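Novice:
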Amino acid sequence: MTDATRNVVGAPSYTAELPCVRESVRRARDLVSSVLTTWGMDDALTDCGQVIVTELLANTVEHTETPLSKVTIERRSNRSIRIGVSDQSHDVPHVKTADADSESGRGLRLVAGISSQWGYDTHRWGKVTWAVIEASRTEL
16 MTDATRNVVG APSYTAELPC VRESVRRARD LVSSVLTTWG MDDALTDCGQ VIVTELLANT
76 VEHTETPLSK VTIERRSNRS IRIGVSDQSH DVPHVKTADA DSESGRGLRL VAGISSQWGY
136 DTHRWGKVTW AVIEASRTEL
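Under my numbering, read the sequence shown as residues 16 to 155, first letter to last.
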């Protein structure tokens, strides 16, 4: 299991720093599952959170040269979660239209479809790409 730091200031949240390699994606999914279960979130929200962290971290692994990435899971309310993944790239993420036979290029479209909102925040050191999921969106 990934060691996560519980943030005690502001909204309840956990942050874990992970090596920016494919193997970390599984650890990030496990982290999301563990945190959302601890908070008593339903299975549908947990499933969506795992998909989101998978896609965001996979994009960081594939498209940046970031050695370490931070995954942050923040409980905004009893029904709303924000998941963020940091990287050191200044390239902004954008939704692509993948060819029907393409094996990649659909991740952010999937994130946009299951989240109530998504985006990115730029910083001097890079960016944080994030998505918000809400229980009402997962019950469709």
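We treat Cβ as the ideally placed atom computed from N, Cα and C, and that holds for glycine. Just so you know, these numbers come straight off a predicted model, no measurement behind them.
(1) Could I get the ranges of all uninterrupted beta strand (DSSP E) runs contained in the segment 27-94, with 3 residues as the minimum, in chain order?
(2) Could you tell me the distance, in whole angstroms, from the CA atom of T153 to the CA atom of H105?
(3) Could you spell out where the beta strand (DSSP E) holding V107 opens and where it closes?
(4) Name the DSSP bridge partner or partners of W145?
(5) Assess, as a yes-or-no matter, whether the segment 137-149 is touched by the segment 65-85 under the definition of 3 or more beta carbon pairs within less than 8 Å.
(6) Below 8 Å, is the gap between the Cβ of T61 and the nearest heavy atom of the ligand COA?
(7) Please name the residue in G55, L46, V107, V68 whose C-alpha comes closest to that of S92.
(8) Among E32, V47, L123, S28, whose alpha-carbon lies nearest the alpha-carbon of D102?
Specialist: Reading from the atomic positions:
(1) 28-34, 83-92
(2) Residue placement at T153 cannot be trusted, given a pLDDT of 46 that sits under 50; what the coordinates show is reported in the next sentence. Looking at the two C-alpha atoms, the distance is approximately 31 Å.
(3) Element bounds for V107: n/a, residue is neither H nor E.
(4) G99, G134
(5) yes
(6) As for the ligand COA, it is missing from this structure, which has no ligand bound.
(7) G55
(8) E32
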